[in-house]
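Q: The sequence shown lines up with residues 1 to 317 when you count with UniProt numbering. Glycine residues also receive a C-beta, built at the ideal position from the N, C-alpha and C atoms. Okay, here's the structure, questions in a sec.
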Amino acid sequence: KGTQTYSVLDGSPSESHSKYLLSFKEKPNDSTGQQRVYGVCFVDTSVGKFHIGQFFDDRHCSRFRTLVAHFPPVQILFEKNNPSSDTKKVLKSGLSTAIQEGLQPTYQFWDGAKTLKILAEEGYFFKEGKGDPDNGTLPPVIKSMASDSDSLALTPGEKSELALSALGACIYYMKKCLIDQELLSMGNFEEYVPVDVDLERTQISTSFFAKTSQRMVLDGVTLTNLEILQNGTNGSTEGTLLEKLDSCFTPFGKRLIKQWLCAPLCNPFSINDRLDALEDLMAIPEKLTEVGELLKKLPDLERLLSKIHSIGSPLKS
């Protein structure tokens, strides 16, 4: 469910929204167990994009709840006996429909050092025929999570151990499903920064949600209570704000409107710019209809790129 990829035998994907495979590892941050640290890795296997990060959280698991609301997983991996009782409540209440699987520590749910070792040994990022001296090196996001004192990048950094361990669980599971080479060779990694963390690095992050100075922070509880993405009755989009506003023609447009609803604009200048754009479009209805008909014919370009990479891989020949 969380490891679906598209091959040459598949037609166009019928489901436009992303389906995430999420792995996480938790560690208490104080003696009372009220504060905690999460390492997370989640991937949409149909697109091949990995998000990896590590963050502090409160006793209500606020940031973790927000993560699973913004990027709803269909499959969850965790280390056996690792999640706290508070995290188990989140898994049981808000994520009961997702497949949940506990993995054995170390053997299946790798630690950070083993993850970096496997990434170095398997040559996932090596491209044949390229004489580039950087060919085969780790993607920048993963490299930044390795210890500065280790030039070989085989030791996890102090603030990245849990994140790399969560990535290790994803890699183990993808190996089991025989899709690890196909996805990791794309080298498409992005650091996950919680939406409420306004650090200097978020200003240079490409993450849509990280640009917090422009957007409101809607946490998981807010999204649930206001029924923005899912209703409280059966978990579908029926009667939600998403259903009301989603009139997009393309699958990637549907994914973008969902992101916009999770992080709505709060900057007056940006809001006015968007309103001006809407006025300009409404002034030319005949052109709008014409463009709409053309957009309907577009395939899911984001997923198509992943499909092209997969089919063109030398591993398939």
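#1: Report all residues from its chain with a CB closer than 7 Å to the CB of Glu-302; omit the five preceding and five following residues, and keep chain order.
#2: According to DSSP, is Val-40 part of a helix, a strand, or is it coil?
#3: My output table needs one value for Glu-101: the three-state DSSP class, helix, strand or coil.
#4: Quick one: using the 10 Å Cβ neighbour count with 16 as the cut-off for buried, is Trp-260 buried or exposed?
#5: Roughly how many whole angstroms lie between the Cα atoms of Val-89 and Ser-31?
#6: Once you ignore the five residues that flank Gly-49 on each side, which residues in its own chain have a CB closer than 6 Å to its CB?
#7: Any idea which residues DSSP pairs Gln-75 with across the strands?
#8: Measure the Cβ-Cβ separation of Val-40 and Leu-67 and say whether it is below 8 Å.
#9: Along the chain, where does the alpha helix (DSSP H) containing Glu-293 start, and where does it finish?
#10: Any idea what DSSP makes of Lys-49, helix, strand or coil?
#11: What residues in its chain sit with their C-beta under 6 Å from that of Tyr-20, if we drop five residues either side in the sequence?
#12: Scan the region 209-235 and note each continuous alpha helix (DSSP H) run of 4 residues or more that stays entirely inside, going in chain order.
#13: Around the C-beta of Gly-112, are 16 or more other C-beta atoms found within 10 angstroms, so that it is buried, or is it exposed?
#14: Comparing C-alpha positions only, which one of Ile-118, Leu-116, Pro-139 sits nearest to Lys-127?
#15: Within this structure, are the beta carbons of Gly-102 and Lys-80 separated by less than 8 Å?
#16: Considering Cα atoms alone, identify which of Arg-63, Asn-82, Leu-229 is closest to Lys-25.
#17: Which residues in the same chain have their Cβ closer than 6 Å to the Cβ of Ala-166, if we skip the five residues on either side of it in sequence?
#18: Between Thr-115 and Leu-164, which are expected to be in contact by the criterion C-beta below 8 Å, what is the C-beta distance as a whole number of angstroms?
#19: Assuming Lys-258 contacts Leu-229 (C-beta within less than 8 Å), just tell me the rounded distance between them.
#20: Would you tell me roughly how many angstroms separate the C-alpha atoms of Pro-299 and Thr-250, rounded to the nearest one?
#21: If you follow the beta strand (DSSP E) that Leu-191 is part of, which residue opens it and which one closes it?
#22: For the alpha helix (DSSP H) that His-266 lies in, which residues bound it at each end?
#23: If we call anything under 8 Å between Cβ atoms a contact, is Val-197 one with Phe-55?
#24: Look at Asn-231 and Thr-240 and say whether their C-beta atoms are less than 8 Å apart.
#25: Could you tell me the alpha carbon to alpha carbon distance between Leu-178 and Ser-270, rounded to whole angstroms?
#26: For Ala-146, name the three-state secondary structure that DSSP assigns.
#27: So, helix, strand or coil for Leu-199, using DSSP?
#28: Is it the case that the Cβ atoms of Gln-181 and Tyr-124 are separated by a distance below 8 Å?
#29: Can you tell me the Cβ-Cβ gap for Ser-147 and Thr-155, rounded? I've got them flagged as a contact below 8 Å.
A: So, from the listed chains and residues:
#1: Indexing the sequence shown from 1 puts residue 302 at position 302. Once the five neighbours on either side are set aside, the close Cβ partners of Glu-302 are Val-47, Phe-252.
#2: By 1-based counting over the sequence shown, the position of residue 40 is 40. Residue state, collapsed to three classes: strand.
#3: The residue you call residue 101 lines up with position 101 of the sequence shown. Three-state DSSP puts Glu-101 in a strand.
#4: The residue given as residue 260 occupies position 260 in the sequence shown. Label assigned to Trp-260: exposed.
#5: Position 89 of the sequence shown, counted from the first residue, corresponds to residue 89. Position 31 of the sequence shown, counted from the first residue, corresponds to residue 31. It should be noted that the sequence gives Lys, not Val, for residue 89. The alpha-carbon atoms of Lys-89 and Ser-31 are separated by roughly 21 Å.
#6: Here residue 49 refers to the residue found at position 49 when the sequence shown is read from its first residue. Checking the sequence shown, residue 49 turns out to be Lys, not Gly. These residues qualify, in order along the chain: Asn-188.
#7: Within the sequence shown, the letter at position 75 stands for residue 75. Answer is Leu-21, Ile-99, bridged to Gln-75.
#8: Locating residue 40 in the sequence shown gives position 40, where the first residue counts as 1. Locating residue 67 in the sequence shown gives position 67, where the first residue counts as 1. With contacts defined as CB atoms closer than 8 Å, Val-40 and Leu-67 qualify as a contacting pair.
#9: If you number the sequence shown from 1, residue 293 lands on position 293. Note, Glu-293: alpha helix (DSSP H), 285-296.
#10: On the sequence shown, residue 49 is found 49 positions in, with the first residue counted as 1. In the structure shown, Lys-49 sits in a strand (DSSP, three-state: E or B).
#11: Against the sequence shown, residue 20 aligns to sequence position 20. Closer than 6 Å at the Cβ level, and outside the excluded window around Tyr-20, lie Phe-42, Asp-44, Phe-71, Pro-73.
#12: DSSP runs (the alpha helix (DSSP H)) wholly in the region 209-235: 220-225.
#13: Looking up residue 112 in the sequence shown gives position 112. It counts as buried.
#14: Stepping through the sequence shown from its first residue, residue 127 is reached at position 127. It is Pro-139.
#15: Taking the first residue of the sequence shown as position 1, residue 102 is located at position 102. Taking the first residue of the sequence shown as position 1, residue 80 is located at position 80. Yes. Within cutoff.
#16: Counting from one through the sequence shown, the residue named residue 25 turns up at place 25. Residue Asn-82 is the option with its Cα nearest to Lys-25.
#17: To locate residue 166, count along the sequence shown from 1; it is residue 166. Cβ within range, chain order: Ser-23, Phe-24, Lys-25, Gly-39, Val-40, Cys-41.
#18: By one-based count along the sequence shown, residue 115 stands at place 115. By one-based count along the sequence shown, residue 164 stands at place 164. Confirmed, about 5 Å.
#19: Sequence index remark: in the sequence shown, residue 258 carries index 258 (1-based). Sequence index remark: in the sequence shown, residue 229 carries index 229 (1-based). With 8 Å as the limit, Lys-258 and Leu-229 qualify as a contact, their Cβ atoms being about 7 Å apart.
#20: For the purposes of this step, residue 299 is taken as residue 299 along the sequence shown, with counting starting at 1. For the purposes of this step, residue 250 is taken as residue 250 along the sequence shown, with counting starting at 1. Approximately 8 Å, taken between the alpha carbons.
#21: Against the sequence shown, residue 191 aligns to sequence position 191. Contrary to the premise, residue 191 reads as Glu rather than Leu in this sequence. Where Glu-191 is concerned, the enclosing beta strand (DSSP E) stretches over 189-191.
#22: Against the sequence shown, residue 266 aligns to sequence position 266. Just to set this straight, residue 266 is Cys in the shown sequence, not His. Run containing Cys-266: none; DSSP gives neither H nor E here.
#23: Position 197 of the sequence shown holds residue 197. Position 55 of the sequence shown holds residue 55. Going by C-beta atoms, Val-197 is nearer than 8 Å to Phe-55.
#24: Locating residue 231 in the sequence shown gives position 231, counting from the first residue. Locating residue 240 in the sequence shown gives position 240, counting from the first residue. Yes, these two residues count as a Cβ contact at 8 Å.
#25: What you label residue 178 is simply residue 178 of the sequence shown in a count that begins at 1. What you label residue 270 is simply residue 270 of the sequence shown in a count that begins at 1. Rounded to the nearest angstrom, the two C-alpha atoms are 44 Å apart.
#26: On the sequence shown, residue 146 is found 146 positions in, with the first residue counted as 1. Of the three classes helix, strand and coil, the one that applies to Ala-146 here is strand, per DSSP.
#27: Position 199 of the sequence shown, counted from the start, is the residue given in the question as residue 199. Residue placement at Leu-199 cannot be trusted, given a pLDDT of 44 that sits under 50; what the coordinates show is reported in the next sentence. Of the three classes helix, strand and coil, the one that applies to Leu-199 here is coil, per DSSP.
#28: By one-based count along the sequence shown, residue 181 stands at place 181. By one-based count along the sequence shown, residue 124 stands at place 124. Yes. Within cutoff.
#29: Counting from one through the sequence shown, the residue named residue 147 turns up at place 147. Counting from one through the sequence shown, the residue named residue 155 turns up at place 155. Yes, Ser-147 and Thr-155 are in contact; Cβ-Cβ is about 4 Å, under 8 Å.
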